[in-house]
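See structure below.
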Amino acid sequence: MTAMTLLEKAKTTSLNTLLNLPRFAKRRIAGKPIRVDGLELDLDMQLLVKLSNLEKPIRPSRQNPQQLQASRQAFNASTRIVQGKLVPMSTRNLLLGQDNPRLPARLYTPHQQAPNQATDALLFFLHGGGWVHGNLDTHDNLCRHLAQITGARVLSVEYQKAPENPWPTAVNDVLRAYEDAMHRLPELGLNDPVIAVAGDSAGGKLATVLARKLADRAIRQPAAQLLIYPSADSPREVGSRTLFADGFLLTDEGIRIYKDCYIPADQDQCHPDISPLYAEDLHQLPPAIVVTAGFDPLRDEGRDYARKMQQAGVAVQWIEYPGLVHGFANILCSQSARDAVNDMGSALRDLMRCHSAG
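Per this note's numbering, the sequence shown runs over residues 714 to 1071.
Right, dumping it as structure tokens:
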């Protein structure tokens, strides 16, 4: 884990003080409630959005390596500030993949088994960040929370980033990481585990693409998916992309830049490994929990993908947190976000337990 700078520590302290104020004081600072599309923004999220909008974002650039690096540093710093108190847990770093470059990974082992959890379970987790940002550290506390709630070991896996390594590099990376992990289950402390694949945002897309591509392979199959505000539809700009185009952390401009970095200019964006919504073989997917946030430009993509999987015969549990924003699963300094992560983690625990019992 990268240590916080003094400035980050100061910002973290200020933010925690703000979030712990009485509700009337937080409302006075945040201003009038924000309502869009019949939904009201959560008060903690409104405070965070207001603070975030005070700073000009550093966008990644394919043409400017210095700006690209600065954007990554800013992303990493912002996640450290909002990650909340770390859940104590045993962790071990390792490398996955038979071929070079090998891929960094981190194994989380909860101290105590959660109630009603399968005795042998692994959550294969892929982080978000627009395929450009993010790493093991940016999603460290989220993985800790998921391990604690589900009782499963969590294996968080890195993949090579765009624009240096555009599509399909990340897809190929997570495939070979998964295959290697399945061959090393005893080393991970597992015998005959129930497997779930999971990810947030860009990682959610990679997780469901991985599950679909594994279906025809002679390898241990995932029994469940946890897709947290997944990106699922690259070509279309559905309603929520317009409703929440600006001012709610993830912006339409940011989405366009991420896609420009990740997808080659001459590539058909309807390819199912880029836009899972267009896959014709969704019926092969395992049961899924699809999580969306009400104030998220990707909200409608997630809703549509959940519906498309259901139409294909996949068992889907769709959970929407109406007052939250994209990225809330990393904003664990907020009680509202922690409650949502606890809720989705409990749903995944129950789904994995059902498979184990069956």
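Every residue, glycine too, gets a C-beta built ideally from N, C-alpha and C.
When burial is assigned at 16 or more other CB atoms within 10 Å of the CB, is residue i buried or exposed?
{"i": "L720", "result": "exposed"}
{"i": "K745", "result": "exposed"}
{"i": "M714", "result": "exposed"}
{"i": "K723", "result": "First, the amino acid is wrong: residue 723 is Ala here, not Lys. By the 10 Å Cβ count, A723 comes out exposed."}
{"i": "G810", "result": "buried"}
{"i": "L998", "result": "buried"}
{"i": "G1149", "result": "Residue 1149 lies beyond the stretch modelled for the chain, which goes from 714 to 1071, so this question has no answer here."}
{"i": "H824", "result": "exposed"}
{"i": "L1061", "result": "buried"}
{"i": "T726", "result": "exposed"}
{"i": "P876", "result": "buried"}
{"i": "G841", "result": "buried"}
{"i": "E871", "result": "buried"}
{"i": "A931", "result": "exposed"}
{"i": "D853", "result": "buried"}
{"i": "K769", "result": "exposed"}
{"i": "D913", "result": "buried"}
{"i": "H996", "result": "exposed"}
{"i": "A716", "result": "exposed"}
{"i": "N733", "result": "exposed"}
{"i": "S803", "result": "exposed"}
{"i": "N848", "result": "buried"}
{"i": "Q786", "result": "exposed"}
{"i": "K798", "result": "exposed"}
{"i": "T718", "result": "exposed"}
{"i": "P801", "result": "exposed"}
I need the straight-line Cα distance from residue i to residue j, nearest angstrom please.
{"i": "L816", "j": "Y891", "result": "11 Å"}
{"i": "S953", "j": "L835", "result": "33 Å"}
{"i": "S1049", "j": "E1033", "result": "13 Å"}
{"i": "G902", "j": "R736", "result": "45 Å"}
{"i": "P778", "j": "D1013", "result": "33 Å"}
{"i": "H896", "j": "L807", "result": "14 Å"}
{"i": "R741", "j": "F838", "result": "39 Å"}
{"i": "C983", "j": "T730", "result": "46 Å"}
{"i": "W844", "j": "I862", "result": "27 Å"}
{"i": "A743", "j": "G967", "result": "24 Å"}
{"i": "Y991", "j": "P985", "result": "5 Å"}
{"i": "E900", "j": "L956", "result": "47 Å"}
{"i": "P977", "j": "W880", "result": "7 Å"}
{"i": "A1019", "j": "W1031", "result": "7 Å"}
{"i": "I987", "j": "A738", "result": "44 Å"}
{"i": "L792", "j": "K1021", "result": "The sequence given here has Thr at residue 792, not Leu. Spanning the two alpha carbons is a distance of roughly 32 Å."}
{"i": "L756", "j": "Q780", "result": "33 Å"}
{"i": "V1029", "j": "S784", "result": "35 Å"}
{"i": "K874", "j": "P814", "result": "12 Å"}
{"i": "L728", "j": "E993", "result": "45 Å"}
{"i": "A894", "j": "V951", "result": "37 Å"}
{"i": "P773", "j": "N904", "result": "42 Å"}
{"i": "Q776", "j": "R969", "result": "15 Å"}
{"i": "C974", "j": "D1056", "result": "33 Å"}
Assign residue i to one of three DSSP states: helix, strand, or coil.
{"i": "N878", "result": "coil"}
{"i": "P976", "result": "It should be noted that the sequence gives Ile, not Pro, for residue 976. Note: I976 maps to coil in three-state DSSP."}
{"i": "L1061", "result": "helix"}
{"i": "D833", "result": "coil"}
{"i": "A1001", "result": "strand"}
{"i": "E950", "result": "coil"}
{"i": "E721", "result": "helix"}
{"i": "E1033", "result": "strand"}
{"i": "L1045", "result": "coil"}
{"i": "V884", "result": "helix"}
{"i": "V762", "result": "helix"}
{"i": "L799", "result": "coil"}
{"i": "K919", "result": "For the record, residue 919 in the displayed sequence is Leu; it is not Lys. Helix at L919."}
{"i": "V907", "result": "strand"}
{"i": "P899", "result": "helix"}
{"i": "F788", "result": "helix"}
{"i": "A992", "result": "coil"}
{"i": "G729", "result": "In the sequence as presented, Gly is not what sits at residue 729; that position holds Asn. Of the three classes helix, strand and coil, the one that applies to N729 here is helix, per DSSP."}
{"i": "F961", "result": "coil"}
{"i": "A716", "result": "coil"}
{"i": "I1141", "result": "In the structure as shown, the chain starts at 714 and stops at 1071, and residue 1141 therefore has no counterpart that could be examined."}
{"i": "L849", "result": "coil"}
{"i": "H858", "result": "helix"}
{"i": "G1015", "result": "helix"}
{"i": "R933", "result": "coil"}
Pull up the DSSP beta-bridge partners for residue i, would you.
{"i": "V1038", "result": "F1008"}
{"i": "Y1151", "result": "What is shown of the chain runs 714 to 1071, which leaves residue 1151 out entirely."}
{"i": "G912", "result": "L839 and L940"}
{"i": "R748", "result": "E753"}
{"i": "L809", "result": "L816"}
Quick test of the definition: if touching needs 3 or more C-beta pairs under 8 Å, does the stretch 921-941 touch the stretch 1060-1070? yes
Check whether the stretch 1008-1022 touches the stretch 959-969, counting contact only when three or more Cβ pairs, one atom from each stretch, lie closer than 8 Å. yes
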